[in-house]
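Residue numbers (the numbering used here): 70 to 187. Okay, so here's the structure we're looking at.
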Amino acid sequence: MFSGDIQSIHQIAFQRAKSIAWWARRKSEREHWIKFVSGINSSVTAKYMWENVRRACGIYPEKRISCLRKNGQEVRNISEMVDVLAEAFASICSASNYTEPFLTHKNRMERIKLPDYL
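Okay, structure coming up:
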């Protein structure tokens, strides 16, 4: 058996699994939609109905962060939340988190001038 044969067997198995997953998802969506539509009556509010229609179309409401924790304290003020997030991102991206070989490579790559059309 050659490695190419194994690769094609894996590729076929992957495509089959992907197809089955797609079919199962479509079946679930169809069943949910039929159940939703059959449940619409005069007591269903327009808000509830449109929320479900949007959800079925993949349109979800925006999720907002209402609170963050910093040093055990809750932060609710928007400008303070921005500062907390900025500090977290800055500490994650800090050079102290990288190994010395990576920093050497990074500094060397950043010195290379890119063409003007990029």
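Think of the CB as a built atom: it goes at the ideal place given N, C-alpha and C, for glycine as much as any other residue.
Residue i burial status per 10 Å Cβ neighbour count (16 or more: buried)
i: Met-70; result: With a pLDDT of 49 at Met-70, under the threshold of 50, the modelled position of this residue cannot be trusted; read the value that follows with caution. By the 10 Å Cβ count, Met-70 comes out exposed.
Beta-carbon proximity of residue i to residue j, cut-off 9 Å
i: Trp-102; j: Ala-125; result: yes
i: Glu-131; j: Leu-137; result: no
i: Ala-159; j: Leu-172; result: no
i: Arg-123; j: Tyr-117; result: no
i: Lys-139; j: Val-151; result: no
i: Lys-175; j: Tyr-186; result: no
Proximity to residue i [Cα-Cα], best of the options
i: Glu-188; options: Ser-135, Cys-162, Ile-161; result: Nothing in the structure corresponds to residue 188, since the chain is present only between 70 and 187.
First through last residue of the alpha helix (DSSP H) which encompasses residue i
i: Lys-175; result: 169 to 180
3-residue-minimum beta strand (DSSP E) runs that sit fully inside the segment 123 to 150, ordered along the chain: 137 to 139, 142 to 144
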